[in-house]
Structures are given as structure tokens and as C-alpha cells.
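Each residue of the sequence shown is one higher than the one before, counting from 6 in my numbering.
Cβ atoms here follow ideal geometry from the backbone N, Cα and C, with glycine treated the same way.
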Amino acid sequence: MDRISALRNVEEALCAFEAGETDLATTEERVVGVLRTYATDFEGEKALFRATAPDAAADAVVVAPSAPAAAERIVALRDLDCDRDEVDLERV
């Protein structure tokens, strides 16, 4: 799914919510589904990486061109007191 399709799908979910056709929980599920589909279909020079350790970083998923760049991004986003070399990653 490309970015434009993802945005259209989120817009449709929001319109349905505003029109009273869906409730908040259903809208949240649709939006999360769109985001997950977009993320798993991500293509190009970048890839998805998930942190597995340390615990403070676990399950953080970022888009980056390399594992070291992903680790740096996770350290910054989670405001961790560790070096990027201490972040264990798996490619998603």
C-alpha cells in the first residue's frame, strides 16, 4: 500500500466515524490496520527494524536504511541511556 492509499483509507475511516457509521473502537482498529499494512508493505532503500532489547526499547519498530541507523533512531525516540550497540534488532 502506498502512502496515498493509506491516507485515503484513514480518511474513509474518519469520515465513517464522523457520520456515525462506526464507533471509536472500530475506527481505531481500521486506522491501526491501515498503518500496519502500510508498514509491512514498505519498499525501497529503507526497511523496518524491531528492537528486542533492552527492555526499554523492546517492540519499538522504526524505518531505517540500516540496523545501526535503526538502533540510533530507537535510542533517540525512547530516550535511552545506552549506546546504539546495546540495542538488539530484528528485521521485520
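{"Check": "Secondary structure of Glu-57, DSSP reduced to three states", "Outcome": "According to the sequence shown, residue 57 is Thr rather than Glu. If DSSP states are grouped into helix, strand and coil, Thr-57 belongs with the strands."}
{"Check": "Lys-51 versus Val-36 - alpha carbon distance", "Outcome": "23 Å"}
{"Check": "Three-state secondary structure (DSSP) of Glu-91", "Outcome": "helix"}
{"Check": "Residue nearest to Ala-72 in terms of C-alpha spacing, selected from Glu-91, Gly-25, Thr-42 and Phe-22", "Outcome": "Glu-91"}
{"Check": "For Arg-55, the nearest candidate out of Val-39, Glu-77 and Leu-29 (CA to CA)", "Outcome": "Glu-77"}
{"Check": "Closest by C-alpha distance to Leu-94, when choosing among Glu-26, Ala-58 and Val-68", "Outcome": "Ala-58"}
{"Check": "Val-67, enclosing beta strand (DSSP E) - first and last residue", "Outcome": "66 to 69"}
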